[in-house]
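Student: Position 139 of the sequence shown, counted from 1, bears residue number 391 in the numbering used here, the numbering being contiguous throughout.
Each residue gets a CB set at the ideal place from its N, CA and C atoms; glycine is no exception.
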Amino acid sequence: MEFITLFFLALSLSFDSFAVSVSSGLMLPGIRFFKACIIAFSLAFFQAVMPLIGWLAGISIREYLGEYDHWIAFGLLSALGIKMIIESLKSEEQRNNFHPLKPVVLLTMSIATSIDALIVGVSFAFIETPDQPLWLAILLPVFVIGSVTFIMSMLGILFGKKAGSHLGKRMEMLGGVILIGIGLKILFEHLWF
Numbered sequence: 253m254e255f256i257t258l259f260f261l262a263l264s265l266s267f268d269s270f271a272v273s274v275s276s277g278l279m280l281p282g283i284r285f286f287k288a289c290i291i292a293f294s295l296a297f298f299q300a301v302m303p304l305i306g307w308l309a310g311i312s313i314r315e316y317l318g319e320y321d322h323w324i325a326f327g328l329l330s331a332l333g334i335k336m337i338i339e340s341l342k343s344e345e346q347r348n349n350f351h352p353l354k355p356v357v358l359l360t361m362s363i364a365t366s367i368d369a370l371i372v373g374v375s376f377a378f379i380e381t382p383d384q385p386l387w388l389a390i391l392l393p394v395f396v397i398g399s400v401t402f403i404m405s406m407l408g409i410l411f412g413k414k415a416g417s418h419l420g421k422r423m424e425m426l427g428g429v430i431l432i433g434i435g436l437k438i439l440f441e442h443l444w445f
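1. Can you grab the Cα-Cα spacing for the pair residue 331 / residue 280, in whole Å?
2. At 4 residues or longer, and completely inside the stretch 258–328: list those alpha helix (DSSP H) runs for me, N to C.
3. Could you check where the alpha helix (DSSP H) with residue 403 kicks off and where it finishes?
4. Would you tell me roughly how many angstroms separate the C-alpha atoms of residue 443 and residue 286, rounded to the nearest one?
5. Excluding the 5 residues flanking residue 377 on each side, which residues of the same chain have their C-beta closer than 6 Å to its C-beta?
6. Which term fits residue 390, buried or exposed, when burial requires 16 or more other beta carbons within 10 angstroms of its beta carbon?
7. Do residue 328 and residue 394 have their C-beta atoms closer together than 7 Å?
8. For residue 397 and residue 265, which I take to be in contact (beta-carbon distance under 8 Å), what is that distance rounded to the nearest angstrom?
9. Classify residue 385: buried if its beta carbon has 16 or more other beta carbons within 10 angstroms, exposed otherwise.
10. My output table needs one value for residue 349: the three-state DSSP class, helix, strand or coil.
If you want it as structure tokens, here you go:
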């Protein structure tokens, strides 16, 4: 996967965490840097680990589904993008209310925002070639996804303190559009190029 594609994939995956972080910043206007880092690290850790788990699951079934790999990647990424767009359209009352520093809440929101990354990890197994070195196939994406999510989460907390909740919804919608675009790119590359 080209680095620019990986970067935009990581950016789009981080928008769920960004939206949650904006909400966290709204709920904790006096949050200190260290506590903001705890939230951002938790979100980034799960966002980085889930693609690895998905990739491991995907490589175990890849050989059976090889000729349909581009359709699987397209379907997973597009479904995920549509889900993100739908979530971004929900009212604030339909979203979960939480205190982001409670351990159970932090764990729950970290897992919930990273389910998308698990699905993307499965798609990595179908879009990467088996002869690529391990670091390129999954370790580099894991690092980039985790790093981008940490940065976006920290920015989300800061923006939440300053800007309000509408920005988070728009970013989540943009993330959905980007994921659909990446899915289409993968499909078109395999079908016509």
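Tutor: From the atom records:
1. 33 Å
2. 285–313
3. 392–414
4. 48 Å
5. 307, 310, 311, 314
6. buried
7. no
8. 6 Å
9. exposed
10. Its pLDDT being 49, under 50, residue 349 is placed unreliably in this model, and the value from its coordinates should be taken loosely. DSSP places residue 349 in coil when its eight states are reduced to three.
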